[in-house]
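Inspection log for the structure reproduced underneath, given as C-alpha cells.
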Amino acid sequence: MKLTQLSLFLENKPGHVKIPCQVLAEAGVNICTLSLADTAQFGILHLIVEDWEKGYAALKNAGCVVNTTDVLALVVPDRPGGLADLLDHCDTCGLNIEYMYAFTRRRKQDAIMIICFEDPDKAIEVLKDRKMDGVDVMRCTDLFGDLEGL
Amino acid sequence: MTQSSGTTGSVLSVGTFQAISAPDYIPKKQLQELQLSRLQQIVTHAYQNVALYRERMDAKGITPVDIQSLDDIVHLPFTLKSDLRDTYPYGLFAVPLEEVVRVHASSGTTGKPIVVAYTQADLEVWSNVMVRTFAACGLNRGDIIQNAYGYGLFTGGLGAHYGAEALGATVIPISGGNTDRQIMVMKDFGVTAICSTPSYFLHILEHAPELGVHFNVPGSNQDCNVRLKAGIFGAEPWTEAMRKHIEEASGIKAYDIYGLSEIIGPGVGSECSAQAGLHMFEDHFYPEIIDPETGASLPDGEEGELVLTTLNKWAMPMLRYRTRDITEILPEPCSCGRTIRRIRRIGRRSDDMFIVRGVNVFPSQIESALLAVEGAMPHYQIRLTRQEGLDQITVEVEVTPEIFSDKVGAMERLQQKLSHSMENIIGIRAALRLVEPNTIERSMGKAKRVIDERAL
Numbered sequence: 001m002k003l004t005q006l007s008l009f010l011e012n013k014p015g016h017v018k019i020p021c022q023v024l025a026e027a028g029v030n031i032c033t034l035s036l037a038d039t040a041q042f043g044i045l046h047l048i049v050e051d052w053e054k055g056y057a058a059l060k061n062a063g064c065v066v067n068t069t070d071v072l073a074l075v076v077p078d079r080p081g082g083l084a085d086l087l088d089h090c091d092t093c094g095l096n097i098e099y100m101y102a103f104t105r106r107r108k109q110d111a112i113m114i115i116c117f118e119d120p121d122k123a124i125e126v127l128k129d130r131k132m133d134g135v136d137v138m139r140c141t142d143l144f145g146d147l148e149g150l
Numbered sequence: 001m002t003q004s005s006g007t008t009g010s011v012l013s014v015g016t017f018q019a020i021s022a023p024d025y026i027p028k029k030q031l032q033e034l035q036l037s038r039l040q041q042i043v044t045h046a047y048q049n050v051a052l053y054r055e056r057m058d059a060k061g062i063t064p065v066d067i068q069s070l071d072d073i074v075h076l077p078f079t080l081k082s083d084l085r086d087t088y089p090y091g092l093f094a095v096p097l098e099e100v101v102r103v104h105a106s107s108g109t110t111g112k113p114i115v116v117a118y119t120q121a122d123l124e125v126w127s128n129v130m131v132r133t134f135a136a137c138g139l140n141r142g143d144i145i146q147n148a149y150g151y152g153l154f155t156g157g158l159g160a161h162y163g164a165e166a167l168g169a170t171v172i173p174i175s176g177g178n179t180d181r182q183i184m185v186m187k188d189f190g191v192t193a194i195c196s197t198p199s200y201f202l203h204i205l206e207h208a209p210e211l212g213v214h215f216n217v218p219g220s221n222q223d224c225n226v227r228l229k230a231g232i233f234g235a236e237p238w239t240e241a242m243r244k245h246i247e248e249a250s251g252i253k254a255y256d257i258y259g260l261s262e263i264i265g266p267g268v269g270s271e272c273s274a275q276a277g278l279h280m281f282e283d284h285f286y287p288e289i290i291d292p293e294t295g296a297s298l299p300d301g302e303e304g305e306l307v308l309t310t311l312n313k314w315a316m317p318m319l320r321y322r323t324r325d326i327t328e329i330l331p332e333p334c335s336c337g338r339t340i341r342r343i344r345r346i347g348r349r350s351d352d353m354f355i356v357r358g359v360n361v362f363p364s365q366i367e368s369a370l371l372a373v374e375g376a377m378p379h380y381q382i383r384l385t386r387q388e389g390l391d392q393i394t395v396e397v398e399v400t401p402e403i404f405s406d407k408v409g410a411m412e413r414l415q416q417k418l419s420h421s422m423e424n425i426i427g428i429r430a431a432l433r434l435v436e437p438n439t440i441e442r443s444m445g446k447a448k449r450v451i452d453e454r455a456l
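Residue numbers (the numbering used here), protein chains in the order written: chain A, 1 to 150; chain B, 1 to 456.
Spelled out as C-alpha cells, the structure:
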C-alpha cells in the first residue's frame, strides 16, 4: 500500500543532480518518476524507483545522503477537477500533505499522484473508508505492473 | 579508602596505582621546593649557555641568583615562538651538539620550522612524563596502544611511542594516515587504546562501519568487535561537546592531553580518570597564567595565557615560554588525589582566533554552537570572505543521514536553528551552508577549520 520513496540531499550546483541518476543507471535501477524541491542553496530529490532497496544501497555506497520516506500512490480520475476533488476530500478529513508530484505517464483514464502525507497510515484508513469516485490507493505491484504494461 | 567528594563519581574505578605516577602526588610544599631548586639550576644553565637569555636578563638587570623564590619567576623575560624562528636552527641550544641526541622540528605556517633538541636525560624526562600521561589515562602493561600520531620530525609520534614502551604496553607504531589500515589493525590486533588527534579519530569512527568494524555503542544492533577502551587525544583544540560525541559514538573514554614541541612535545599535561582538567607535570614544566595584553601574572582561577618554564630540560631550556593557549589554572584539588595542579581544557589558542567585524571568534565556539543543535555532526569548515568591504563568515556543515529530511521546510528549519545557535554564541550573524557529505577536506593531522579568503 505504502510506497518507499528515496530522498536525496543535493547542493544547488551545476551537475549535481546528474550524479545520483548516473549511480542508479549503473546499478540498473529504473526511475519511475521524480520531483526536485529546491532552495537557493540546496535541493531535495524525491525518487520513485522500481527496486528501491537496490537503488538505496547503490546511492549510499556512492556516498550520497539518502533517506527513505513512505508515500502513497493514488489513482485520480484524469478529468478537470479530479485532483481538486481529492484534495478537498483530504482537507475535509484532516489529512495534511507535505508535498506531492505526479506520474507523467497516464494510465487508462486515470492519472497517478505520489503524495507524501504527514501521516500515511491515517491517509490509507481515511481514503479506504470513505471511498471517493475513481480515487484508489494503489498497490506497489499494481503500480509497477501497470507501468510495464504501458 | 576514603569516599571521593568529586563530581564524576568514577574515582574509585581508577586502575591500580602505578609507582611511576608517584611524582603526581608529591605534597605541595615538597613539590614547590623541588620546583625552586630546579628553576634555579635551569635559569643558571640557560643564562650561562644561551646568548639570548643572558642578553635579555642583563637588559632587565637580573642574574640567576635573583631567583630566590618561585614568585621571582615573574622577573624573568618571556620567550616567544618568534625567538625560536629568529635563532633557527641551533641558536637556543644550551649544550654542545655532542650532547644533543635528538632533534625535532615543528612546521611553521610561514617560513622556517621551529627546531627543538634533547639530551639523553631530556629524552628520559620526556618518556617519564608520557608514562605518567598514559597511567593517568588508566593504561598499563598489557595494553595495546595504536600510535596514530605522525612519526618523524613532529614530536607526537616518537613522544607517545617511547612513553608507551616505557610503560610496558605493546606499541603499534602505525603513524598517521591510511585510515582503512588503521581500522583493520585496531580490530585485528585487539587494540585497547589509540593516540591520535580527536578529529582523526572521528574520521576513523566514520569509516569503521564500512569495513565491518563496530564500536561498543549502546542500542546498536551491531555487535562490538573492537577492544578499544581509551583514546589519548591531543595536538589540536577540541571541546567537551566533541568529547561527549566521541564517547557516545565509540563507547571509549576520550582523554585530552596537552603538549607542545617548544616545551617537550606531548606529555606536558594530561587528564586523569576524573576528566576534569589537565594535570600539568609541574615538577618538570612550571605553569603560569598571564594577561596576554599586559603580560601581568594572574592568580590561579583566572583565565589568561598559559606560560611554561621547563625546569628540567637541558638541551634547550625554555624560560617563560608564551604558549598562546588560553586557559586557567584550576585552584581546587582534583578528586583523583593528584597534587599537581590542573589547567582547564584548552578550548582555544589565541592564534586560531580570527576577527570578523571587530569580533574575536574561535573555531571552538562554532563547534559548540553546531553541537548544541541536536544531531549536528562536527564536520564543518569556516570560510571567511569579504563582500563590498564587509566580512562574512560562512560555516559549511556536511549533511548526514541523521540530520537529513526529505522535507524542504525541515531542512530550512535546521539551517535556521544552526544559524541562531552560532549567532547566540559568537554574537554576530554567520551564514550557514549545508553541503554534501565528504566535500570538506579531511586532514590526517590537524583539521583545517578556517579558510580565510579575505584579502587582508
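The C-beta atom is built at its ideal place from N, Cα and C for all residues, glycine as well.
Can a CB atom of chain A be found closer than 8 Å to the CB of residue i?
i	result
Lys253 of chain B	no
Val422 of chain B	Correcting the residue type first, residue 422 of chain B is Met in the shown sequence and not Val. Chain A contact via Cβ: absent.
Arg433 of chain B	yes
Met184 of chain B	no
Thr179 of chain B	no
Asp72 of chain B	no
Thr385 of chain B	no
Which residues in the same chain as residue i place their Cβ atom closer than 7 Å to its Cβ, once the five residues preceding and following it in sequence are excluded?
i	result
Gly108 of chain B	Low per-residue confidence applies at Gly108 of chain B: pLDDT is 46, beneath 50, and the placement is therefore not dependable enough to give any value.
Lys13 of chain A	none
Leu95 of chain A	Phe117, Lys122, Ala123 and Val126
Arg344 of chain B	Gly277, Thr327, Glu328 and Leu330
Less than 8 Å between the C-beta atoms of residue i and residue j, yes or no?
i	j	result
Leu45 of chain A	Gln5 of chain A	no
Glu396 of chain B	Tyr321 of chain B	no
Leu308 of chain B	Phe285 of chain B	yes
Leu384 of chain B	Phe354 of chain B	yes
Gln146 of chain B	Ile183 of chain B	no
Gly150 of chain B	Gly156 of chain B	yes
Asp24 of chain B	Ile340 of chain B	yes
Arg56 of chain B	Pro77 of chain B	yes
Asp452 of chain B	Ala315 of chain B	no
Leu52 of chain B	His104 of chain B	no
Pro64 of chain B	Thr44 of chain B	yes
Met132 of chain A	Leu87 of chain A	no
Val137 of chain A	Leu83 of chain A	no
Val100 of chain B	Tyr88 of chain B	no
Measure from the alpha carbon of residue i to the alpha carbon of each residue in the options, then state which is nearest.
i	options	result
Arg429 of chain B	B:Glu436, B:Val408 and B:Asp391	B:Asp391
Val408 of chain B	A:Ala37, A:Ala25, A:Asn30 and A:Cys32	A:Ala37
Arg454 of chain B	B:Glu441, B:Ala431 and B:Gln387	B:Gln387
Glu521 of chain B	B:Ala51, B:Val74 and B:His45	The structure shown has nothing for residue 521 of chain B, since chain B only spans 1 to 456.
Gly138 of chain B	B:Phe201, B:Tyr255, B:Glu55 and B:Glu240	B:Tyr255
Leu70 of chain B	B:Arg442, B:Val101 and B:Leu311	B:Leu311
Val125 of chain B	B:Ala431, B:Asn49, B:Ala166 and B:Tyr380	B:Ala166
Ala372 of chain B	B:Ala241, B:Ala22 and B:Thr170	B:Ala241
Ile97 of chain A	A:Glu11, A:Pro120, A:Leu34 and A:Cys21	A:Pro120
Tyr99 of chain A	B:Ser419, B:Ala22 and B:Ala410	B:Ala410
Leu59 of chain A	A:Lys18, A:Lys128 and A:Ala102	A:Lys18
Leu31 of chain B	B:Glu412, B:Ile440 and B:Phe281	B:Phe281
If you drop the 5 nearest sequence neighbours on each side, which residues of the same chain put their C-beta closer than 6 Å to that of residue i?
i	result
Val71 of chain A	Leu3, Gln5, Ile114 and Cys116
Asn216 of chain B	Cys224 and Gly251
Arg38 of chain B	Leu311 and Asn312
Val29 of chain A	Val49, Asp51, Lys54 and Gly55
Val399 of chain B	Leu434
Leu80 of chain B	Arg322
His214 of chain B	Gln222, Cys224 and Asn225
Leu432 of chain B	Val395, Gln415, Leu418 and Ser419
Using a Cβ-Cβ cut-off of 8 Å, state whether residue i counts as contacting chain B.
i	result
Thr69 of chain A	yes
His89 of chain A	no
Ile31 of chain A	no
Ser7 of chain A	yes
Phe117 of chain A	no
Gln22 of chain A	no
Val17 of chain A	no
Can you list, in chain order, the residues of its chain whose CB lies under 8 Å from that of residue i, leaving out five sequence neighbours each side?
i	result
Thr110 of chain B	With a pLDDT of only 43 at Thr110 of chain B, under the threshold of 50, the placement of this residue in the model should not be trusted; the figure read from the coordinates follows. Result list for Thr110 of chain B: empty, nothing under 8 Å.
The segment 254-270 of chain B / the segment 132-142 of chain B touching (three or more Cβ pairs under 8 Å): yes
Given 8 Å, three or more beta-carbon pairs between the segment 387-407 of chain B and the segment 50-66 of chain A: yes
Three-pair Cβ contact test at 8 Å for the segment 230-248 of chain B versus the segment 185-195 of chain B: yes
Three-pair Cβ contact test at 8 Å for the segment 81-96 of chain B versus the segment 139-154 of chain B: no
Stretch pair the segment 268-283 of chain B + the segment 329-338 of chain B: three plus CB contacts closer than 8 Å: yes
Stretch-stretch touch, CB-based, cutoff 8 Å, three pairs: the segment 414-429 of chain B with the segment 357-365 of chain B: yes
Against chain E: residues of the segment 204-227 of chain B by CB proximity under 7 Å: This model lacks chain E altogether; the protein chains it does include are A and B.
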